[in-house]
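To start, the structure under review is shown below, and the notes come after it.
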Amino acid sequence: MHSRLILKKLILTGNGKQDAVINFHEGLNVIAGASDTGKSFAFECINFILGSSEVPSCPPEAKGYQTVYMEIKDSCQQEVFTLRRDFSKDDNKSIFLCYSEYKDIGQNTFEKLSSTHKAKKSLSKKLLDMCDCPYETVIGKKEKGTPQSFTFRSFIPMIMMGELRVTEKHSAIYRMKPKGSNSATAELTSFQTVISGRDYEKKDKKDSPEIVKAKLKGQIEELSHMIDELRIENANLEAENEIRDGQYLTEKIKEINEFIDSKNEEVKKYEIEFEQLQTKSDEIKRKIYRLNDNIDKFHLLKKNYLSDLERLEFIFDAHDLTQQLVDVECPICHSHMQVEEAESSNDYFIALSSERTKIEIQLSELDDTISDMQSEVEEEEQILKDIEVKSESISQELNTILLPVISEKFAEVQALLEIQEQVNLILRNNEKVKKYNDRISDLTKKMDNTKTDKGNIIEPVAESYLTGLCKEIYVLLRGCNFIGKETEVRFNNTTHDLEIDNKAKASFGKGARAIINSTFLLGIMNYCLSRDLCHPGVVILDSPLTTYKEKDKKNGENDESVGQGTKVKFYTMLADDKSSKSKQIIVFDNEEPSEEVKGRINYLHFSGEASIGRKGFIPE
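Now the structure itself:
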């Protein structure tokens, strides 16, 4: 299966400006709403970042914006990269590539790509490689059969249709009217190449059989040289890597990633346990602090109790001394002095004795309490030590065992991914070798049949391809109720355009032409993807459902519009497509899907009013 591109994000930036961002998903994306809200400008920005030489015409509200980014994913490799291109005349010739998402570009470097396909490093070659595109040649000039390179821009007429081109009378395979266009032949042969899956084969009626053979021989030699280079490259890659089994690599990478996931789970468990231990440690520290604070307070209380006892003991000692005094004679008057005993003092000293006993009991209980609290502090400190030991053990397990193992395994995965990329390169080279050998076989047959070759014209598109393509377009037109069950859809090999029941598309009104042209591009994509032919896998339409009735009346043109039922069914049909996840459709239009469809797709509404949701592409 060919790889395809998935547009993920369009970003517009400017100095001092808020980023203008549109996110895209796989399947159907609709950006709808009021006119003049930047929908067509966003379309032009996508075209510009995909290599167009035309710089978008910035509306007044986009003044100051100068750089456009596009985030793209490879559907097979799941590789995401970001493109950058500046509007400035001095810088818009170059496009820059960064192998990361837009949010991570600050951590990575950009690779400079040229907008010219022939450059060694070009955007075109990068995008073609992402699509596994094998095509190399189209015809540039019909008269001479001059070959030119098949580039990514060769796909553009078949995957992008702007608001002016969507209603055009000429074939949708052309960007402009083919008569007088320098690119018409290249666009026609690109279309032939895409629906056939083969490079266009140039024929030159002016060349003699000898010249034709010489040219064919030159092509064979060139292809042989390319095969030799690919085989040398593969030999060098195989010599560098012992592992060549892609399936083994995939399984090994999966196995290591599962191991890393399991170890990450262990890390999470340890981290949770460590946090719990730290929480418990903090609680114990707070408890120890409270206990020590209480012990300090109790020691102060004990000091007070001891002071009270000391005071009581002093009183008792003084009382004992006074009881030892005897009767004496006054040294002055010589009268007899007696020590009077106060009976009333006995009650006082009994009370003091009781108080002393009470304090002694309280002091004893206080000592017991202090002792208990000190014991509790010691127990908590031991628990704290155990927690610290456990925490250190966890930290040791994480930092010296688990995390180094994870880091080592991650490095192993990165190394295997590099090998896998080289193995994939070998496989791609082998596919190219096969393709080149097939081409050599075809060229060899042409050499053998050169005498009967009438050559030198651009042949009509083979009916076998057109029949299948028209069936795809019929399904789409029928799906949106544009045609009836018995309606015939065919491709006119003269106009290179569709006919509906033998009625040329050019004879329909603008609204109908927009539907026919849109389903033409969608049909090409469905045709290619269902047959595993190379296609970017994305179609971008601007205003496929807009009828321009007023403008048609002013110009006097047939005002054949599309009914509302067809418009509703158009969105419903695309949303109901069971294969929508294998491709991407982006529609910019004034017409909105139904509410039911909006809920099933990636829908973005531009209101045109700052007070109602999102005003437009450019932030208010």
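Numbering (the numbering used here), first residue to last: 130 to 749. Note that beta-carbon positions come from the ideal geometry of N, C-alpha and C, so glycine has one too.
Could you compute how far the alpha carbon of residue i sits from the alpha carbon of residue j?
| i | j | result |
| --- | --- | --- |
| residue 253 | residue 180 | 7 Å |
| residue 559 | residue 708 | 30 Å |
| residue 261 | residue 726 | 33 Å |
| residue 381 | residue 549 | 11 Å |
| residue 351 | residue 363 | 18 Å |
| residue 640 | residue 695 | 11 Å |
| residue 312 | residue 630 | 30 Å |
| residue 248 | residue 316 | 21 Å |
| residue 682 | residue 172 | With a pLDDT of only 38 at residue 682, under 50, the local geometry of the prediction cannot be trusted, and no value is derived from it. |
| residue 153 | residue 135 | 8 Å |
| residue 240 | residue 199 | 14 Å |
| residue 392 | residue 534 | 8 Å |
| residue 541 | residue 217 | 44 Å |
| residue 162 | residue 704 | 18 Å |
| residue 653 | residue 306 | 20 Å |
| residue 446 | residue 484 | 16 Å |
| residue 137 | residue 268 | 33 Å |
| residue 744 | residue 520 | 55 Å |
| residue 245 | residue 728 | 41 Å |
| residue 671 | residue 401 | 53 Å |
| residue 189 | residue 169 | 14 Å |
| residue 477 | residue 444 | 11 Å |
| residue 215 | residue 224 | 8 Å |
When DSSP labels each residue in this structure, what does residue i get in the three-state scheme?
| i | result |
| --- | --- |
| residue 566 | helix |
| residue 338 | helix |
| residue 681 | Bear in mind that the predicted position of residue 681 carries a pLDDT of just 37, short of 50, making it unreliable; the figure below should be weighed with that in mind. Correct three-state label for residue 681: helix. |
| residue 663 | coil |
| residue 627 | strand |
| residue 193 | coil |
| residue 486 | helix |
| residue 632 | strand |
| residue 235 | helix |
| residue 668 | strand |
| residue 616 | coil |
| residue 202 | strand |
| residue 268 | strand |
| residue 583 | For residue 583, the pLDDT reaches just 45, beneath the cut-off of 50, and the residue's location in the model is therefore unreliable, although a value from the coordinates is still provided. Reduced to three states, the DSSP call for residue 583 is coil. |
| residue 523 | helix |
| residue 746 | coil |
| residue 688 | In this prediction, residue 688 has a pLDDT of 42, which is less than 50 and means its spatial position is unreliable; what the coordinates show is noted afterwards. DSSP places residue 688 in coil when its eight states are reduced to three. |
| residue 428 | helix |
| residue 647 | helix |
| residue 554 | helix |
| residue 422 | helix |
| residue 577 | helix |
| residue 291 | coil |
| residue 123 | No information on residue 123 is available, as it lies outside the stretch 130 to 749 that the chain covers here. |
| residue 126 | The question about residue 126 has no answer, for the chain in this structure spans 130 to 749. |
| residue 675 | coil |
For residue i, report the span of its beta strand (DSSP E) as first-last.
| i | result |
| --- | --- |
| residue 718 | 713 to 718 |
| residue 140 | 134 to 142 |
| residue 277 | 275 to 278 |
Let me check one thing: in DSSP terms, what residues is residue i bridge-paired to?
| i | result |
| --- | --- |
| residue 156 | 713 |
| residue 694 | Answer is none; residue 694 lacks a bridge partner. |
| residue 162 | 735 |
| residue 214 | 197 |
| residue 243 | 223 and 251 |
| residue 149 | 141 |
| residue 209 | 202 |
| residue 621 | 626 |
First and last residue of the alpha helix (DSSP H) that includes residue i?
| i | result |
| --- | --- |
| residue 174 | 168 to 178 |
| residue 598 | 592 to 608 |
| residue 301 | First-last for residue 301: undefined, no H or E at that position. |
| residue 758 | Since the first residue shown for the chain is 130 and the last is 749, residue 758 is missing from the structure and cannot be characterised. |
| residue 287 | 285 to 288 |
| residue 725 | 724 to 727 |
Checklist entry - Pairing CB atoms from the region 713 to 728 with CB atoms from the region 155 to 162, are three or more of them under 8 Å? => result yes
Item to check | contact_flag[the region 227 to 236, the region 273 to 282] where n(CB pairs < 8 Å) is 3 or more | outcome: no
Checklist entry - Is the region 638 to 653 touching the region 598 to 605 in the sense that three or more CB pairs, one from each, lie closer than 8 Å? => result yes
Checklist entry - Do the region 420 to 439 and the region 492 to 512 make contact, defined as three or more Cβ pairs closer than 8 Å? => result yes
Checklist entry - Is it a yes or a no for the region 509 to 521 touching the region 398 to 411, going by three-plus beta-carbon pairs under 8 Å? => result Taking 8 Å as the limit for Cβ pairs, the verdict is that the region 398 to 411 does touch the region 509 to 521.
Next on the checklist: Whether or not the region 186 to 198 and the region 320 to 331 are in contact is what I'm after, with contact meaning three or more pairs of Cβ atoms, one per stretch, closer than 8 Å; do they touch?
Outcome noted: no
Checklist entry - Taking contact to mean at least 3 C-beta pairs separated by less than 8 Å, is the region 655 to 670 in contact with the region 611 to 624? => result no
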